[in-house]
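Visitor: After the structure tokens below, expect a handful of questions from me.
Numbering (my numbering), first residue to last: 77 to 196.
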């Protein structure tokens, strides 16, 4: 039997939540790890960051993944060559970690991220 939890509406965006989540993580992680998380998550911020957290869909994440595998290496603000599968999977894994925490905090109702870029 499915169990539903009320999630109050909010205006927080993906970027806003990632900022908060990284600040929380920074308390427990080495500075270099936080830097690596930042770099990894910066890959998703341009395409997904302005979306309200509660409106982020699996389709949004899949679109980003397909885009990243074709044009995701951004240089000078312009999309370019493909990101490698490992880089995309690392970004998806960090995004999933952040979204799972958002679910725990009742900021959104479900995590919309899988983590298998290699099957695309």
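The beta-carbon is built from N, C-alpha and C at its ideal position, and this holds for glycine as well.
Taking 7 Å as the limit between beta carbons, can you name the residues of its chain near residue 140, skipping five residues before and five after?
Guide: Contacts found: 120, 123 and 124.
Visitor: Report yes or no: do three or more beta-carbon pairs, one from the segment 89-103 and one from the segment 111-119, lie closer than 8 Å?
Guide: Yes, they touch.
Visitor: Specify the secondary structure class of residue 151 as computed by DSSP and reduced to three states.
Guide: Residue 151 falls in the strand class under three-state DSSP.
Visitor: With a threshold of 16 other CB atoms inside 10 Å of the CB of residue 148, please say whether the residue is buried or exposed.
Guide: Counting Cβ neighbours within 10 Å, residue 148 comes out buried, since at least 16 surround it.
Visitor: Report, in whole angstroms, the separation of the C-beta atoms of residue 110 and residue 102, which I expect to be a contact under 8 Å.
Guide: Yes, they are in contact, since the Cβ atoms of residue 110 and residue 102 sit about 5 Å apart, within 8 Å.
Visitor: Does the beta-carbon distance from residue 174 to residue 93 come in below 8 Å?
Guide: Yes, the Cβ-Cβ distance between residue 174 and residue 93 is below 8 Å.
Visitor: Give the secondary structure of residue 177 by DSSP, where H, G and I count as helix, E and B as strand, and everything else as coil.
Guide: Three-state result, residue 177: helix.
Visitor: Among the candidates 106, 129 and 108, whose CA atom is the shortest distance from the CA of residue 181?
Guide: Checked all of 106, 129 and 108; the closest Cα to residue 181 is 129.
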